[in-house]
Every structure is written in structure tokens, then in C-alpha cells.
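Mapped onto our numbering, the consecutive letters of the sequence shown carry residue numbers -12 to 439.
Let me begin by presenting the structure, written as C-alpha cells, before commenting on it.
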Amino acid sequence: MSGQNPVTSTKTWANRWTFLLAAAGSAIGLGNIWKFPYIAGQYGGGAFVMLYLICIAVMGIPLLMAETAIGRHTRHSPLNAIRQLTNELGASKLWSMIGWMGMLAGFLILSFYSVIAGWSLSYAWQIVSGGFTGMTTDQVGDAFGGLVSSADRQIFWHSAFMILTFAITARGIHKGLEKGLQVMMPALFALLLIMLGYSMLETGQFMRGFEFMFSVDFSKVTGEAVTAALGQAFFTLSLGMCALMAYGAYMPANNSIPRTALNVAALDTLMAIVSGLIVFPIVFAYGLEPSAGPGLLFVSLTAAFVHMPMGEIFGFLFFVLVAIAALSSAISLVEPALAWLLERTPLSRTVATIILCAAIWFVGLGTVFAFSGDFTFTLFGKNFFDLLDYFTSNILLPLGGLLISIFAGWVIKRSTMMNELGLSVGMFNLWRAMIRVVVPVCVLVVVITTIF
């Protein structure tokens, strides 16, 4: 395309392990450590976990493979990838809605994601500086209320997180993201294992937390729970927002897409389960409610850090690494829109990143003011944050996934997807049946249920 700077094969991840870390970094973030425990708590623990695992296996993995294959085949930004394929196939240009929806979803999610990640930075500073020392559990809860009711404090940490996102994204995939991921993802895994050990050995409530997560009460399996599970699966795997499509454009040609997809889904799910096994025993040990909502992580874990030996050190490291996990996901949320800007305009990567991050920061102020009570706008009984969270997780991402599954299964040539996926004929036919029939039907039922 004239006037564009398409992604080329020279811009690829250094090796398959780096791509795996990048894709896992995109998937593993606040969705696992912050959102999964409190959503599971709100929808009955084991019932929600069962539904979530089904959604990951039936819809998440096939879609993850489809998005990555489209990105690698075209080597373009998601929007231009769809446009290139529709031009090649003579298909309707309306399919470009997939790219627009993906960019919009990433943009909106990062606007509130950054505010929550800012809380992690704030807590890391407060813990290491002794701000929580000697507090009771109730006082820790009050301190969280003080943070979210202060627009000034939230804006400061929201700004700090967006500056970090800009600093890494502007440096590109090699100098920025690759080098950071090689340190921060293994560190995150190691610290979560340490926290899991603490939860098992010191809380005295590990088995109660385990039973809460894995004992299924089928009366909790409601339409609303199914919708929440699907939304969480899409949110945590970064599906429907074209992030994996953007990363797939940088994927080396000799990487196995199916193997990578399985590894990413397994790592992502493991992180969510481990996070729940860390949080819920602490919740029960300190008499908190598992359905406490968005503040669950910040109240329950902080209460534990206050009372545990070397709690300031563990707490500081934990919240820094929560922010780092969020940062790896934030970069993937920026990338689809950033790649499109770089292809369509003469802007440098630095300038394009500044424009995007500034716009995201501005929209994020709506979430800040919604939490602080300075912005009382509501729609359908939801404030600005709840509306964005609901719209993206329960409508925009599933709808994007629905369109991607139809496009990959019914519009793109069979030979194109077969060459990219490298599966045997039998396994490819199974994947194609899933992406053409099972995924669209399941997603469509959930989307219609959500809307009506």
C-alpha cells in the first residue's frame, strides 16, 4: 500500500521463547491477579472457575490461534491485515470493523486498566515506606477507600503508569519489550510461587480457599455467570482486541502457532488459578468477603503483608510485580493502534506513542473521577468505570471474537490457515469446525443473552 510502512519480516521477535513471553505477557496481567479472584468471588468460586476453564478451552485457544495466524500471514497491523485479506479475497470491506473494534477495545480497556495498575504502584510505595505499618484489617480497608476517593492521588499514579507504558513502547519490541520481559515475567512467576507457599503454610485457611475455588455449586451456574466467565476469558487472553494479531505480525515463521497458543493459555490459566489460591485463603483468614469487588486484592493481601514477617519487602515486591505484569499487558493494548498509526502516517514511533498514550490517559480520568465520586455519570445503573468494564469485557471483546472466528473460518482460504497453523489434516479439521461453528454459536448466544 502506497504511503505506508508495513511490518516486515525483519521486525520479528528474537526467538520463539521471546514470542511466548510476549504473548504470555499480553495475557498475564491484572486480569489474572486482580480481576479473576474478585470475579470468581462474586460468582460462586468453583462454578465460575469451571465455566472459565470451559471458555478458555472451547473458545479461547481456537481464537488465539486464529488471531496469531492472521497477523503472521499478513505482517501488518490488525486493521491493515484484515484489509489486505479482504482485498485478496474480494470480500466485503466491512470486515475491517474487526480492526477498528480491536483498537477501540484496547484503547478503552487501557484507559481504566492504567488506573488500577496505578493503585499497585501506590501500594508498593506505601508499603515500603511504612505507610501500612501497625494497621488493622479495617484500617487497611479504610486506607484503600482513601486512595480511591482521592482524585489527585489516583491521577498521579495513573500518570506514572502511562509514562512507563510510553517509555517501553516507544523503544520498540527489541530494545523495550523483549529485554524487559526476559526479567519481569520469570520474576513474577517466582514471587507468585513464594506467595502461594505463604498462603499454604501460614494462613491456616488454604483448604477452605481451595474448596471455594474448586467445589462447584451448580445453582451458581447462571446466565450472568456464563457471560462473566466468557468476558473474563477474552479479557485475560487479550482476545477480540487484536493484540495477538499485532504480536503475530512479529512472530518468526518457524514458530508453531498451536504449541504457542496452548502454552500461553496454560500459563495464563495457571496464573489465574494460583492468584485465586493466594487471595482466597487470605480472605478467609482475615474474615473478609470473597465477593468484595475490585478492592479485594488491595485490601486482603495488604492486610496479610502488614502482619507477616518481612511483610514490607514481600508487599513491595508483590505490588511492583503486579504493576509489571500490568505493564506487559498495557504494551500489547497499545500496539494494535500504534502499528496502524505507523503504517498510515509519517509519524515516528515516539510521536505516535505520545499521541496514543496521552489520549488514553485523558479517557482514564473518567475512571479516576468515577471512583473518587467527582463524576456521577451513570448509564443503566453503572458508573463510568463499570460501564467501560462491562462494555469491553461482555460486549466488545466477545463481539470482536465472534467476527474474527467467522472471518478466519468462513472467509479466509482453508489453505492459508492450514499453512500458518501447520496442523495435521485431522487436527486442522477439528480446529476449523471449532472456529466455524462452535465458537460463533457459543459467543453469539452469550452476546445476545448479555444484550437482551
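We put the CB at the ideal spot given by N, CA and C, even for glycine.
Taking C-beta atoms under 8 angstroms as the contact rule, residue 119 and residue 111 fail to qualify, at a distance of about 11 angstroms.
Bounds of the alpha helix (DSSP H) holding residue 336 are 336 to 359. With fewer than 16 other Cβ atoms from the protein chains shown falling within 10 Å of its own Cβ, residue 126 counts as exposed. When the beta-carbon positions are compared, residue 175 and residue 15 come within less than 9 angstroms of each other. Straight across, the Cα-Cα distance linking residue 141 with residue 276 is about 25 angstroms. In this chain, the alpha helix (DSSP H) harbouring residue 392 covers 384 to 393. Counting the other Cβ atoms within 10 Å of the Cβ of residue 419 gives 16 or more, which makes it buried.
The residue from 273, 102, 37 with its alpha-carbon nearest to that of residue 147 is 102.
In this structure residue 203 touches residue 37 by the C-beta definition: roughly 5 angstroms separates them, less than 8 angstroms.
In this structure, residue 49 and residue 422 form a Cβ contact; the two beta carbons are roughly 5 angstroms apart against a cut-off of 8 angstroms. Burial of residue 355 is indicated by the presence of at least 16 other C-beta atoms within 10 angstroms of its C-beta. Sixteen is the threshold: when 16 or more other Cβ atoms of the shown chains lie within 10 Å of the Cβ of residue 64, as they do, the residue is buried. Sixteen is the threshold: since fewer than 16 other Cβ atoms of the shown chains lie within 10 Å of the Cβ of residue 173, the residue is exposed. A buried status is given to residue 20, since no fewer than 16 other beta-carbon atoms sit within 10 Å of its beta-carbon.
Counted as a single uninterrupted DSSP element, the alpha helix (DSSP H) harbouring residue 156 occupies residues 138 to 156. Under the three-state reduction of DSSP output, residue 123 falls in the coil class, being neither helix nor strand. Residue 226 and residue 51 have their C-alpha atoms some 7 angstroms from each other. When the Cα atoms are used, residue 96 and residue 368 turn out to be separated by approximately 20 angstroms. For the region 37 to 91, the continuous alpha helix (DSSP H) assignments of 4+ residues that do not extend past its boundaries occur at 48 to 61, 65 to 76, in sequence order. Per DSSP, residue 376 is one residue of the alpha helix (DSSP H) stretching across 371 to 377.
Taking all protein chains in view, the Cβ of residue 121 is surrounded by fewer than 16 other Cβ atoms within 10 Å, so the residue is classified as exposed. In the displayed model, residue 365 falls within a strand according to three-state DSSP. Under the DSSP assignment, residue 298 falls in the alpha helix (DSSP H) whose first and last residues are 298 to 331. Within a 10 Å sphere around the beta-carbon of residue 223 sit 16 or more other beta-carbons, which makes this residue buried. Selection 433, 312, 269, 315 evaluated against residue 294 yields 269 as nearest (Cα-Cα). Residue 100 and residue 313 have their C-alpha atoms spaced approximately 8 angstroms apart.
Secondary structure of residue 98 (DSSP, three-state): helix.
If you ignore the 5 residues before and after residue 60, its C-beta comes within less than 7 angstroms of the C-beta of 403, 407, all in its own chain and listed in chain order. Taking the CA atoms as reference points, residue 252 sits about 8 angstroms from residue 47. By the beta-carbon neighbour count (other beta carbons within 10 angstroms, threshold 16), residue 428 is exposed. In the structure shown, residue 429 adopts helical secondary structure according to DSSP, grouped into three states.
Take the alpha-carbon of residue 341 and the one of residue 58: they are about 24 angstroms apart.
In the assembly as shown, residue 194 is an exposed residue. Its beta-carbon has fewer than 16 other beta-carbons within 10 Å. Distance from the CA atom of residue 384 to the CA atom of residue 218, rounded to whole angstroms, is 7 angstroms. For residue 417 and residue 371, the gap between their C-alpha atoms comes out near 41 angstroms. Boundaries for residue 238: no alpha helix (DSSP H) harbours it, and the DSSP string shows neither H nor E there.
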